[in-house]
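Report on the structure given below.
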Amino acid sequence: MVYGIHSIENIIIMKLVFKILCLVTFLGLAAPSNAQIKIDLKKKIENKINQRLNQKADKAIDKSLDAVEEGVKGDPSKDSPSDKAADAPKSETPSSGNQPGDEGKSSLQIYSKNDFIPGDKIIFYDDFSQDAVGDFPALWNTNGSAEVVTTNIFPGNWMKFNGLESIWTDELFSLPDNYTVEFDVIPLKDKEGNMPGFMMRLMQADNVKAWDPGTTPGKGGFQFHTDYGMPFYSTWLYGTECEKMNIDGHKDDEMYKQKAEQKYHIALWVQKSRLRLYQNDNKVLDLPKAFPAGCVKPDRIRFEQGAAMVSNIRIAAGAPDIRNKLLTKGKLITYGIYFDTNKDVVKPESYGTLKEIAAILNEVPDMKVQITGHTDSDGQDAANLDLSKRRAASVKNELVKTFNVKGDRLVTDGKGESQPVAPNDTPVNKALNRRVEFVKLK
Numbered sequence: 014m015v016y017g018i019h020s021i022e023n024i025i026i027m028k029l030v031f032k033i034l035c036l037v038t039f040l041g042l043a044a045p046s047n048a049q050i051k052i053d054l055k056k057k058i059e060n061k062i063n064q065r066l067n068q069k070a071d072k073a074i075d076k077s078l079d080a081v082e083e084g085v086k087g088d089p090s091k092d093s094p095s096d097k098a099a100d101a102p103k104s105e106t107p108s109s110g111n112q113p114g115d116e117g118k119s120s121l122q123i124y125s126k127n128d129f130i131p132g133d134k135i136i137f138y139d140d141f142s143q144d145a146v147g148d149f150p151a152l153w154n155t156n157g158s159a160e161v162v163t164t165n166i167f168p169g170n171w172m173k174f175n176g177l178e179s180i181w182t183d184e185l186f187s188l189p190d191n192y193t194v195e196f197d198v199i200p201l202k203d204k205e206g207n208m209p210g211f212m213m214r215l216m217q218a219d220n221v222k223a224w225d226p227g228t229t230p231g232k233g234g235f236q237f238h239t240d241y242g243m244p245f246y247s248t249w250l251y252g253t254e255c256e257k258m259n260i261d262g263h264k265d266d267e268m269y270k271q272k273a274e275q276k277y278h279i280a281l282w283v284q285k286s287r288l289r290l291y292q293n294d295n296k297v298l299d300l301p302k303a304f305p306a307g308c309v310k311p312d313r314i315r316f317e318q319g320a321a322m323v324s325n326i327r328i329a330a331g332a333p334d335i336r337n338k339l340l341t342k343g344k345l346i347t348y349g350i351y352f353d354t355n356k357d358v359v360k361p362e363s364y365g366t367l368k369e370i371a372a373i374l375n376e377v378p379d380m381k382v383q384i385t386g387h388t389d390s391d392g393q394d395a396a397n398l399d400l401s402k403r404r405a406a407s408v409k410n411e412l413v414k415t416f417n418v419k420g421d422r423l424v425t426d427g428k429g430e431s432q433p434v435a436p437n438d439t440p441v442n443k444a445l446n447r448r449v450e451f452v453k454l455k
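If you count the sequence shown from 1, position 5 lands on 18 in our numbering, and the numbers rise without skipping.
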């Protein structure tokens with residue numbers, strides 16, 4: 014049955030009248046016999062209806078404004094799912110403009126406070142590109158549910174979870190003393206329109222394949238979670254001495270507050286016991302004793318609680334030795350320069366890596382370097398070749414515009430998918446093939 018607007022209003026009025034009459038009857042029975050209750054019934058009904066209609070209007074306006082703001086940021090017309098002609102480091106972000114690196118300086122300098130440099134040996138990578146939309150992702154496990162989805166604003170596939178369930182990596186990782194963990198997250202609203210946030214754990218598992226239950230699961234670890242946008246963190250360590258070193262806290266600053274349906278890049282940098290956590294351009298945490306020696310050795314990532322979508326999950330080992338590789342060995346292969354699929358604009362997360370490379374180039378002013386872009390095999394050969402050339406040109410653009418490296422010292426080229434360093438058969442191997450190389454010419 015379909016109701017018109019006036020019918021719905023009449024139903025609302027009838028319900029309100031019935032409730033108010035019940036209240037009047039109750040008050041009349043409960044009041045002393047000499048008491049008089051005066052209620053302007055018509056006015057109360059009008060006020061109540063106006064209040065409800067105003068609330069509905071506010072929600073509709075907020076929703077429309079959110080859509081407009083996100084449309085401007087995401088530019089969905091340029092990131093449609095059909096735009097799959099060629100691929101790139103899928104942990105990378107979008108281009109807008111016809112010239113390589115068109116956004117250049119303004120986009121990269123957003124991250125000028127960020128000193129994060131990702132590891133150079135990729136251990137795990139998942140952008141869910143090999144999973145069918147609607148399926149549970151193949152490299153993960155759960156005690157509840159999750160599914161692969163796409164959006165009309167942010168490109169690529171995403172893993173969506175909602176509720177109290179946990180989703181964890183199916184395999185355990187043998188992580189060295191120094192490693193990095195990165196992922197993109199989009200917080201979502203729940204059915205009531207609230208933003209419950211999400212939780213991410215970097216933990217040591219007790220059960221290899223099964224779920225580790227409890228609020229302090231497994232053998233210990235670190236957790237980062239947001240409650241209605243605000244970040245909280247804590248460690249849970251076991252053993253008499255280790256338990257004394259547990260830490261917890263939160264950040265009150267509005268600059269760290271997340272908003273629903275916006276994308277955030279989260280990066281963790283572990284160096285032995287020290288853990289640093291970044292959100293976009295901000296260093297949120299720097300904990301010197303997050304993982305005390307002998308207390309815990311993380312081997313798994315786990316997401317849980319709240320409502321969110323995640324993608325571009327990347328674990329990489331090593332403290333990048335950029336200086337030695339470029340100056341002494343004469344060749345640097347970097348996975349720390351990011352682009353979106355099919356795009357040539359350098360993402361802001363690349364700032365730390367480019368800053369380090371630029372510092373070396375500016376210290377040795379007579380050195381010339383060739384910058385070469387590489388892609389994986391997704392898409393057409395010709396499109397991949399063109400994309401790799403444009404990306405190399407974008408990297409040069411950023412070094413010149415943002416870091417004042419002289420352009421005549423940099424030459425660019427692209428090889429597309431023609432020189433893979435690994436088979437293009439898994440998300441990790443494809444991520445290895447998506448790279449930028451610097452070769453010393455003089």
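Using N, Cα and C, we set each Cβ at its ideal position, and we do this for glycine too.
Going by beta carbon distance, what residues of the same chain come within less than 6 angstroms of residue i, once the five residues before and after it are set aside?
i      : result
Met322 : Trp171, Lys173 and Ile199
Lys232 : Gln217 and Asp219
Cys482 : Since the first residue of the chain shown is 14 and the last is 455, residue 482 is not available in this structure.
Leu300 : Leu288
Asn397 : Ala99, Thr388, Gly429 and Glu430
Arg422 : Lys381
Ser363 : Ile350 and Tyr351
Ala330 : Gly132, Lys134, Ile136, Pro189 and Tyr192
Met213 : Phe237 and Phe316
Asn175 : Ala320
Does chain C have any CB closer than 8 angstroms to the CB of residue i?
i      : result
Gly427 : Absent from the structure is chain C; it holds one protein chain and no more.
Assuming residue i and residue j make a contact with CB atoms under 8 angstroms, what is their CB distance in whole Å?
i      : j      : result
Gly349 : Pro131 : 5 angstroms
Gly427 : Ser401 : 3 angstroms
Ile326 : Phe237 : That pair is no contact at about 14 angstroms.
Pro361 : Tyr138 : Contact doesn't hold; Cβ gap of about 20 angstroms is too wide.
Val194 : Thr347 : Rounded, the Cβ-Cβ distance is 18 angstroms, inconsistent with contact.
Leu179 : Thr164 : The question names Leu, but residue 179 in the sequence shown is Ser. Wrong, their Cβ atoms sit about 23 angstroms apart, outside the cutoff.
Val358 : Val452 : No, Val358 and Val452 are not in contact; Cβ-Cβ is about 23 angstroms, not under 8 angstroms.
Pro333 : Asp133 : 5 angstroms
Lys443 : Asp394 : The pair is not a contact, with the Cβ atoms about 16 angstroms apart (cut-off 8 angstroms).
Asp148 : Val162 : Wrong, their Cβ atoms sit about 10 angstroms apart, outside the cutoff.
Val283 : Tyr192 : 5 angstroms
Ile384 : Val408 : 5 angstroms
Gly386 : Ala405 : 4 angstroms
Arg313 : Thr182 : 6 angstroms
Pro311 : Gly234 : 6 angstroms
Val418 : Asn375 : 6 angstroms
Lys276 : Phe167 : 6 angstroms
Ile370 : Phe186 : 28 angstroms between Cβ atoms; not a contact.
Ala280 : Phe129 : 5 angstroms
Considering only residues of the same chain and omitting the five flanking positions on each side of residue i, which have a CB-CB separation below 8 angstroms?
i      : result
Tyr241 : Asn207, Met208, Pro209 and Gly210
Tyr511 : What is shown of the chain runs 14 to 455, which leaves residue 511 out entirely.
Thr202 : The question names Thr, but residue 202 in the sequence shown is Lys. For Lys202, where only same-chain residues beyond five positions count, the Cβ hits under 8 angstroms are Met208, Ala273, Glu274 and Ala320.
Leu177 : Gly157, Glu317 and Gln318
Lys302 : Met258, Ile260, Ser286 and Arg287
Lys222 : Asn154 and Asp183
Ser247 : Phe235, Gln236, Asn259, Ile260, Asp261 and Gly262
Considering only DSSP beta bridges, list what residue i is partnered with.
i      : result
Ala280 : Glu195 and Tyr291
Tyr269 : BP columns for Tyr269 are empty, so no partner.
Leu454 : Leu454 pairs with nothing; no bridge assigned.
Gln383 : Val424 and Val452
Gly147 : For Gly147, which the question treats as bridged, DSSP gives no partner whatsoever.
Asn175 : Ala320
Tyr138 : Arg327
Val297 : Val297 is not bridged to any residue.
Thr4   : Because the chain spans 14 through 455 in this model, residue 4 falls outside it and cannot be assessed.
Asp261 : Ser247
Gly429 : His387
Val162 : Trp171
Asn154 : Trp181
In chain order, what residues of the same chain lie with their CB nearer than 7 angstroms to the CB of residue i, ignoring the 5 residues before and after it?
i      : result
Leu445 : Ile135, Val434 and Ala435
Asn437 : Asp389, Ser390, Lys443 and Asn446
Asp144 : Pro150, Ala151, Val161 and Asn170
Leu454 : Lys381, Val382 and Gln383
* To do: Go through the segment 300-358 residue by residue and report every complete run of the beta strand (DSSP E) that reaches 3 residues or more, in order.
  => Runs found: 313-330 and 344-347.
* To do: Taking 8 angstroms as the threshold, find out whether the segment 258-269 comes into contact with the segment 216-224 through three or more Cβ pairs.
  => no
* To do: Let me know the beta strand (DSSP E) ranges lying completely inside the segment 192-246, each 3 residues or longer, listed in chain order.
  => 211-216 and 234-240
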